[in-house]
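J.:
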Amino acid sequence: MEKRIVGVIGSGSFGLAVSNLIAHNYDVMLFSRNPDVVDKINNTHEHKDQKLSEKIIATGDPEEVARKCFLIFPLVPSNNFQEMLRNFSPYLTPRHILIHGTKGFHIEKDLANAEKLDKEDVYTMSELILKETSVVRVGCMAGPNLAREIADGQVGGTVIASRFNEVIKEGQKAINSNVFRAYGSNEILGVEMAGVLKNYIAIASGMLNALGLGDNAKSLLITRGMAEMIYISKAFNASEKAFLGMAGIGDLMATCNSKLSRNYRVGYFLAEGKKLEDIIKEIGEVAEGVKTLKVVKLLSHYGFNAPIADALYEIIYGEWSIEKGVNFLMSRPVSFDADYVD
Amino acid sequence: MTKKNFTLPENRVYIDKVQPFVHEDIEKWPIHVQYNNREEFIKQVVELTIKNASWLTKDGKTFRRELKNILYQEKIRLTQDPWKSDDPKEKLFWKDIKKQIIASSTLEYQNDTRDVDEKILKDILNYYGEEMTPNFKVKSYRFVQNVLPPVYVRLMSPLKELFFNFFSSKMNFFRKMKVTGDVDHIRSLSKQGTVVVVPTHFSNLDSPTIGYSLNAIGLSAFTYGAGVNLFTLNALSRLMNNLGAYRVDRRRKHRLYLEFLKNFSKVAILNEINSLFFPGGTRSRSGALESRLKLGLLGTTIEAQRMNFERDLKNGKKIFIVPATLNYHYVFEANSLIDQHLKQVGKEEYLMDEDHSSFSALKRAYKVITANAGMVVSFGPPMDVLGNIVDREGQSFDKSGQKVEIRDYFMLNNQLTQDSQRDQQYTQILGEAIVEKFKTHNVVLSSHIVAFTAFQILRKRFNHFSIYEVLRLPQDETTIPKTEFRIIFDRVRDRLIEMSENKEVLLGEEFDLPQEELITHGIKHVGNYHDKKVLKMNRHGMIYTQSMKLLFFYHNRLTGYELEQYI
């Protein structure tokens, strides 16, 4: 294997897990904005309960990352993504390839006070990279990638999507190993939409579990959840293809069944009667699904059919009980199955 | 109504005199040097085509099969779709190719045809090269430069004006043809690299219009592909051939020919010959601005740029893309263009009406020499091959104003690499940038805004009709009271003025006129060459059209700006 340093931005649990994956193939330069974390990683090779490969070196200098690495994986939450890009932007050039792994939207408006969103207000992370930097070769990594399982070295897979085949190829070379398989796709928008939208379905799944509903109910949720994810994405001109792959059905299966998923836990605790603010405090990291739900609601004037999002929104942001939400969903007229496929 | 005050955008200043050549010595122009070194030029195109022909040459079987297929298609073309312009010797050439294939057919059993096939391929490519490669004669160029513009200008002038001013300086080229854009910028860049001009296209007049404009702003001559059918007339054929127009045969659709054509363009650009192609591929049938481009020839600029860096990684010459929009108050072929458009889009829903009487042909001929064309050529900002804006020194800046090196787009892990899929994506990005510049640097004429307003009023009035039913409205159903027209016109005009202030579009100088005069100007000029009046105002103050189709055609120039909501 050739000598190369691959950059990773973000020292959250996912950033650490991906760094370890890449370390199978290349040296890794891991960026953290927190100097203590940088020191800790460089001194102890351990952070957030993950043992880190010795091939991972941490830094707090964006210029160094951009100078030494042409391939960089930004893996920071969507809320910090723009700020991170603005820090890196002066050093990024069209030479760089960026493959992000962030399953969230960036919203150009103040989400808390917005009454309606237009498509132009909503950016996927790859669109934000294109907007904020000179980089054009952009990709996205999405799939059933629970950080804890990757960290434990369990077998898994993902998809790397980009309009550029060379981005997919370089991403695969960095990520693939005998425990992890990275598939390729040119449907970047679909893959990103799938990665983001599954977040709120996971919240619903956590709720169902806490209510003691069984596997039939969960399958119903996942299947209809995927249908409405596709309806929403089609309004953004994404095709349904990505939803049948790792980022769609693959990610839904994992995240709707796993207690490791933050979104799932949010739903679970809500159903137990805990308050959202307390849950967010307890989980410690952002649950993108709560934000996604609001975004979907504010986009609903585009006329897509998203009853699960409607019900969840009323439960989380409104006054509905979970039972009322379930009743609402079960009393709707039934349509044709899988009508998103021609 | 009062006129809204607004300041003219800087680049709506029209140039008023012919600029001296940036490169004075015509003999040293790349187009002259390269095309006069014909053999070497053809050799380069042939070699590049062979280098990129692995799809054809990858194995003996495919190679032979494809050659037979090419031979078959060429024969079909010659027998079933012959044109006057076809070279009489061509039949002999393909006969000879056939002979070579037959003579070597015994080798096919031994899989040993490669040597023969390589020779055949070379023969074919050399034939294409000989056919396609033009000359560039200084004398012909001077002739066209000095003699034709005055003739052209006089042809485009109303008879009355012509009568009084035939020998006058008022027959200045730029009185008839408005050229706008940052000309100094383009001139400056032409010293540093190859300029590729990509104009909008809806009239056969576009080629001479853009050709003269480029000459008038002092750039070295441009090479461009011209359909073989234009080479039918002997004198014209020789003239075009001597001006650097390369022959393109649209009947040939097989891959080898298309690849050869692309490589021809690449070699021309690589050898610093300024190039011109219409990225819409063909004339816009609907009259609308091009929103989707043909990426084939456009992609040659990206590949040529990469090859420039392969030659010299540090100082590889840059290629500059200059979008240009062309506008006229009338388009000669509007009638047939819009017919073709509607037929194509509407299929059986569209019923064509035939009324091409000989009387109308006479009338047309008369009007050709009396009308005022009001041509406007607007050069957009020069870009690099990724659609980034470049400054006068040729330095690229991305959309947020950050300096970028074009070389970096072709680098992977610090190496310059070739990747055709990447090139395709870059071509799309460039295409999108060009389409955007077409929109923002389109000059809206009075004729466009009156046509747009009138058509949209009628469209809205008959919104329960299909577009084809609207197009068949009888004349008396098309009348719009002037008072109603004025109110809506004003809204559209105000929005356009606002857009021009936001640099989203350019406005023709008529927009300085008070509203009333602007309307009159538009109605007078819109499609003023056609037999039927596109718009007319009667003495009762009613505005109407004699041809909904033509009104639709001229209206289409303003679709895509979301002005419909102001109706």
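Here the protein sequences come in this chain order: A and B. Quick note on numbering: the first sequence equals residues 1 to 342 in my numbering. Quick note on numbering: the second sequence equals residues 343 to 909 in my numbering. By construction, the Cβ of each residue, glycine as well, lies at the ideal position given by its N, Cα and C atoms.
Take the Cβ of VAL493 (chain B) as the centre, count every other Cβ of all protein chains shown within 10 Å, and call the residue buried at 16 or more, exposed below.
T.: For the purposes of this step, residue 493 (chain B) is taken as the residue at position 151 of the second sequence. When all chains shown are included, VAL493 (chain B) counts as exposed.
J.: How would you list, in chain order, the residues of chain B whose beta-carbon sits under 7 Å from the beta-carbon of ASN165 (chain A)?
T.: As a working mapping, residue 165 (chain A) is identified with position 165 in the first sequence. Correct list: GLN763.
J.: Return the residue from the list B:ASP726, B:ARG734, B:ARG749, B:LEU754 that minimises the CA-CA distance to LYS741 (chain B).
T.: Mapped onto the second sequence, residue 741 (chain B) falls at position 399. Per the Cα distances, B:ASP726.
J.: From the DSSP output, in three-state form, read off THR643 (chain B) for me.
T.: Residue mapping note: residue 643 (chain B) aligns to position 301 of the second sequence, counting from 1. Reduced to three states, the DSSP call for THR643 (chain B) is helix.
J.: Kindly indicate if chain B contains any beta-carbon less than 8 Å away from that of VAL136 (chain A).
T.: Residue numbering aside, residue 136 (chain A) sits at position 136 when the first sequence is read from its first letter. VAL136 (chain A) counts as touching chain B.
J.: Give me the chain A residues within the contact set of LEU754 (chain B), using Cβ-Cβ distance strictly less than 7 Å, ordered along the chain.
T.: Residue 754 (chain B) sits at position 412 when you count from the first residue of the second sequence. Among the residues of chain A, those whose CB is under 7 Å from the CB of LEU754 (chain B) are GLU166, following chain order.
J.: What does a CB cutoff of less than 7 Å around CYS69 (chain A) pick up in its chain, not counting 5 residues either side in sequence?
T.: As a position in the first sequence, residue 69 (chain A) is number 69, starting the count at 1. Excluding sequence neighbours, CYS69 (chain A) sits near ILE5, VAL6, GLY7, MET29.
J.: Which chain B residues sit within Cβ distance under 8 Å of THR93 (chain A)?
T.: Residue 93 (chain A) sits at position 93 when you count from the first residue of the first sequence. Within chain B, the residues near THR93 (chain A) are VAL746, GLU747, ASP750.
J.: Three or more beta-carbon pairs under 8 Å between the region 149-167 of chain A and the region 9-26 of chain A, yes or no?
T.: yes
J.: Leaving out five residues before and five after ILE462 (chain B) in sequence, what residues of the same chain have Cβ atoms less than 8 Å from its Cβ?
T.: Taking the first residue of the second sequence as 1, we reach residue 462 (chain B) at position 120. Closer than 8 Å at the Cβ level, and outside the excluded window around ILE462 (chain B), lie LEU409, ILE439, GLN442, ILE443.
J.: Smallest Cα separation from TYR751 (chain B): which of B:ILE771, B:ASP733, B:ASN613?
T.: Residue 751 (chain B) sits at position 409 when you count from the first residue of the second sequence. Checked all of B:ILE771, B:ASP733, B:ASN613; the closest Cα to TYR751 (chain B) is B:ILE771.
J.: Just to make sure I have the definition right: I need the residues of chain A whose C-beta is within less than 8 Å of the C-beta of GLN376 (chain B). Which are they?
T.: Within the second sequence, residue 376 (chain B) is the residue found at index 34, counting from 1. Against chain A, a Cβ distance below 8 Å from GLN376 (chain B) picks out nothing, because the smallest value is about 31 Å.
J.: In terms of residues, what are the limits of the beta strand (DSSP E) holding GLY184 (chain A)?
T.: Taking the first sequence and counting its residues from 1, one reaches residue 184 (chain A) at position 184. DSSP places GLY184 (chain A) in the uninterrupted beta strand (DSSP E) bounded by 180-185.
J.: What did DSSP end up calling GLU858 (chain B) once you bin it into helix, strand or coil?
T.: Sequence index remark: in the second sequence, residue 858 (chain B) carries index 516 (1-based). GLU858 (chain B): helix per DSSP, three-state reduction.
J.: Using a Cβ distance threshold of 8 Å, determine whether the region 525-542 of chain B contacts the region 661-679 of chain B, with at least three qualifying pairs required.
T.: Flag = yes, the region 525-542 of chain B and the region 661-679 of chain B touch.
J.: Note down the Cα distance separating VAL334 (chain A) from SER11 (chain A), rounded to an integer number of angstroms.
T.: Stepping through the first sequence from its first residue, residue 334 (chain A) is reached at position 334. Stepping through the first sequence from its first residue, residue 11 (chain A) is reached at position 11. VAL334 (chain A) and SER11 (chain A): Cα-Cα distance of roughly 45 Å.
J.: Roughly how many angstroms separate the alpha carbons of ASN351 (chain A) and GLY153 (chain A), rounded to a whole number?
T.: Outside the displayed span of chain A (1 to 342) sits residue 351 (chain A), for which this structure offers no information.
J.: Helix, strand or coil: which one does DSSP assign to ASP818 (chain B)?
T.: Your numbering for residue 818 (chain B) matches position 476 in the second sequence. Looking at ASP818 (chain B) - three-state DSSP - the assignment turns out to be helix.
J.: Please list, in chain order, the chain A residues whose beta carbon lies closer than 7 Å to that of GLN767 (chain B).
T.: Position 425 of the second sequence, counting from 1, holds the residue named residue 767 (chain B). ARG163, PHE164, listed in chain order.
J.: With DSSP run on the structure shown, which of helix, strand or coil describes ALA142 (chain A)?
T.: Here residue 142 (chain A) refers to the residue found at position 142 of the first sequence. Strand, per DSSP.
J.: Please confirm whether ASP733 (chain B) has its beta-carbon closer than 8 Å to some beta-carbon of chain A.
T.: Stepping through the second sequence from its first residue, residue 733 (chain B) is reached at position 391. Residue contact check for ASP733 (chain B) against chain A: no CB pair falls below 8 Å.
J.: So, with DSSP's three-state summary, where would you put GLU132 (chain A)?
T.: Here residue 132 (chain A) refers to the residue found at position 132 of the first sequence. Look at GLU132 (chain A) here: in three-state DSSP terms it is helix.
J.: List the residues of chain A whose Cβ lies closer than 7 Å to the Cβ of ASP740 (chain B), in chain order.
T.: Within the second sequence, the letter at position 398 stands for residue 740 (chain B). Listed by position along chain A, the residues whose Cβ is nearer than 7 Å to that of ASP740 (chain B) are SER134.
J.: Compare the Cα-Cα distances from GLY736 (chain B) to each of B:SER530, B:GLY729, B:ASN669, B:PHE383 and report the closest residue.
T.: Position 394 of the second sequence, counted from the first residue, corresponds to residue 736 (chain B). Minimum Cα distance to GLY736 (chain B) is reached at B:SER530.
J.: Does PHE269 (chain A) get closer than 8 Å to chain B when you measure Cβ to Cβ?
T.: Counting from 1 along the first sequence, the entry for residue 269 (chain A) is found at position 269. With 8 Å as the cut-off, PHE269 (chain A) does not count as an interface residue toward chain B.
J.: Could you tell me whether the Cβ atoms of THR542 (chain B) and LEU390 (chain B) are closer together than 8 Å?
T.: By 1-based counting over the second sequence, the position of residue 542 (chain B) is 200. By 1-based counting over the second sequence, the position of residue 390 (chain B) is 48. Going by C-beta atoms, THR542 (chain B) is not nearer than 8 Å to LEU390 (chain B).
J.: Along the beta strand (DSSP E) that carries GLY402 (chain B), what are the first and last residues, could you check?
T.: Taking the second sequence and counting its residues from 1, one reaches residue 402 (chain B) at position 60. No beta strand (DSSP E) holds GLY402 (chain B); the alpha helix (DSSP H) holding it covers 402-422.
J.: First and last residue of the beta strand (DSSP E) that includes ARG589 (chain B)?
T.: Here residue 589 (chain B) corresponds to residue number 247 of the second sequence, with the count starting at 1. Looking at the DSSP string, the run of the beta strand (DSSP E) that includes ARG589 (chain B) is 587-590.
J.: In this structure, what does DSSP give as the bridge partners for LEU728 (chain B)?
T.: Position 386 of the second sequence, counted from the first residue, corresponds to residue 728 (chain B). LEU728 (chain B) pairs with nothing; no bridge assigned.
J.: For ILE771 (chain B), return the contacting residues in chain A, with the cut-off set at a CB-CB distance below 8 Å.
T.: Here the question's residue 771 (chain B) lines up with position 429 in the second sequence. Ordered by position in chain A, the residues that pass the 8 Å Cβ test against ILE771 (chain B) are VAL136.
J.: Which chain B residues sit within Cβ distance under 9 Å of PHE70 (chain A)?
T.: In the first sequence, counting from the first residue as 1, residue 70 (chain A) sits at position 70. Those are MET753, LEU754, ASN755, ASN756, listed as they occur along chain B.
J.: Sort B:HIS863, B:ASN844, B:PRO476 by Cα distance to PHE853 (chain B) and report the nearest one.
T.: To locate residue 853 (chain B), count along the second sequence from 1; it is residue 511. Among B:HIS863, B:ASN844, B:PRO476, the Cα nearest to that of PHE853 (chain B) belongs to B:HIS863.
J.: Output needed for ASN583 (chain B): all residues of its chain with C-beta closer than 8 Å, excluding positions within five of it in sequence on either side, in chain order.
T.: As a first step, residue 583 (chain B) is located in the second sequence; it is residue number 241 there, counting from the start. Only PRO476, ASN477, PHE573, ARG589 meet the Cβ criterion.
J.: Confirm, please, whether the CB-CB distance from ASN263 (chain A) to ALA202 (chain A) is below 8 Å.
T.: For the purposes of this step, residue 202 (chain A) is identified with residue 202 of the first sequence, where counting begins at 1. For the purposes of this step, residue 263 (chain A) is identified with residue 263 of the first sequence, where counting begins at 1. For ALA202 (chain A) and ASN263 (chain A), yes; Cβs fall inside 8 Å.
J.: With DSSP run on the structure shown, which of helix, strand or coil describes LEU358 (chain A)?
T.: The requested residue 358 (chain A) does not occur in the structure, where chain A is confined to residues 1 to 342.
J.: Kindly list, in the order they appear in chain B, the residues whose Cβ is closer than 9 Å to that of ARG67 (chain A).
T.: Residue numbering aside, residue 67 (chain A) sits at position 67 when the first sequence is read from its first letter. Simply none; closest approach about 11 Å.
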